[in-house]
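Undergrad:
Protein chains: 2
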Amino acid sequence: MKNRKIPLNLNCGLDLVGEVLYGKWKMRLLWFIKQGHKRPSELQRKIPDASRRVLNVQLKELEDHELISKVVYAVVPPKVEYHLTEFGESLIPVIGAIGQWGDRNEERLRSLILAQQQFNVEVSKEG
Amino acid sequence: MKNRKIPLNLNCGLDLVGEVLYGKWKMRLLWFIKQGHKRPSELQRKIPDASRRVLNVQLKELEDHELISKVVYAVVPPKVEYHLTEFGESLIPVIGAIGQWGDRNEERLRSLILAQQQFNVEVSKEG
DNA sequence: GCCATAGGGGATAAAATTATCCCTATGCAA
DNA sequence: TTGCATAGGGATAATTTTATCCCCTATGGC
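Residue numbers (the UniProt record's numbering), protein chains in the order written: chain A, 1 to 127; chain B, 1 to 127.
Spelled out as structure tokens, the structure:
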């Protein structure tokens, strides 16, 4: 999401959504904020595989795209809360639909993905 | 989608979907195939911003993930057709929902994205 | 012979995305 | 006084993803 060298494609709705939703942790961040996990440290505990830094960066992008808003309390230790904006709220059903499809097909997806992963490992051994 | 060094996250539905749907052109490929553009050359004309090579790679991944099936006709010049599998069909409503949200919010998204892009360019000039 | 069509793919370069490392600050508790 | 919790961010390394380049198949038409 930096200063890109390859021009953006903003032709259709799918391209536009991609620009704001691509990002390894973004959908999960929105989802957890929706569930009421508003503070950075809570989100970090919910998503332990991501580093604090990366979550900050992605939260900032979500904020720049007006999907969430940030409230900074002038207290010590610091306290910050994120909330979905109306715009962000309107995305929740979409994320829900994506997640549901994943959940409904969990077993199949898992085995497909692992099978392919396994295959790649084997191929690279021969390499 | 290679032999990864960073372990996969396959915790929830969102992770699983990500594995099969992340890829710059994948959703568009599925969408256009659904619209009846079955042949590689048609798809390439529909998505001129992607090179032929990249589309082949992404089509292969969609095939490995059983979202599409490939039919090769033994004729000259070669003829190939892709079709959605039932599994792939079941994803269409989800992609539809994503695209619709993008279309409904087209103007806003476009200006948000361009504004941020512009900002990045300016920041990097100061650099 | 040469080019066009329709499809494929290896090797490598470039770009974009993520991860890692290390630093800032305050106040409370052991 | 060291440690922990809160939150933030610059610089850089590592990884992953895309793009580019060039080559291949086979047949038919000029």
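Where a beta carbon is used, it is the ideal one built from N, C-alpha and C, also for glycine.
Below 8 Å on the Cβ atoms is my guess for L30/B versus L67/B; work out the distance and round it to an integer in Å.
TA: Indeed they touch by this definition, with Cβ atoms about 6 Å apart.
Undergrad: Looking at L59/A: is its Cβ nearer than 8 Å to the Cβ of I113/B?
TA: no
Undergrad: Between L16/A and R110/B, is the Cβ-Cβ spacing less than 8 Å?
TA: Contact flag set, yes.
Undergrad: What residue range is occupied by the uninterrupted alpha helix (DSSP H) comprising I98/B?
TA: 86-104
Undergrad: Thinking just about the alpha-carbon of each residue, which of R45/A, K79/A, Y22/A is nearest to the one in F32/A?
TA: Ranked by Cα distance from F32/A, the options R45/A, K79/A, Y22/A are led by R45/A.
Undergrad: Along chain B, which residues have their Cβ under 9 Å away from the Cβ of A97/A?
TA: P93, V94, A97, I98
Undergrad: Any chance the CB of G13/B is under 7 Å from a heavy atom of the ligand SAH?
TA: No copy of the ligand SAH occurs in the structure displayed, which carries no ligand at all.
Undergrad: Closest by CA to G102/A, which one among N3/B, L21/B, P7/B?
TA: L21/B
Undergrad: Between which two residues does the alpha helix (DSSP H) harbouring S41/B extend?
TA: 40-46
Undergrad: Whole angstroms is fine: what's the gap from residue 128/A's alpha carbon to A74/A's?
TA: Missing from the structure shown is residue 128/A; chain A here goes from 1 to 127 and no further.
Undergrad: Quick one: using the 10 Å Cβ neighbour count with 16 as the cut-off for buried, is E107/A buried or exposed?
TA: An exposed status is given to E107/A, since fewer than 16 other beta-carbon atoms sit within 10 Å of its beta-carbon.
Undergrad: Taking Cβ positions only, does Q116/A come closer than 8 Å to chain B?
TA: yes
Undergrad: Which of the three DSSP states is assigned to S69/B in this structure?
TA: If DSSP states are grouped into helix, strand and coil, S69/B belongs with the strands.
Undergrad: What are the residues of the segment 17-32 of chain B that lie near chain A, defined by any Cβ-Cβ distance shorter than 9 Å?
TA: The residues in question are V17, G18, E19, V20, L21, Y22, K24, M27, R28, W31.
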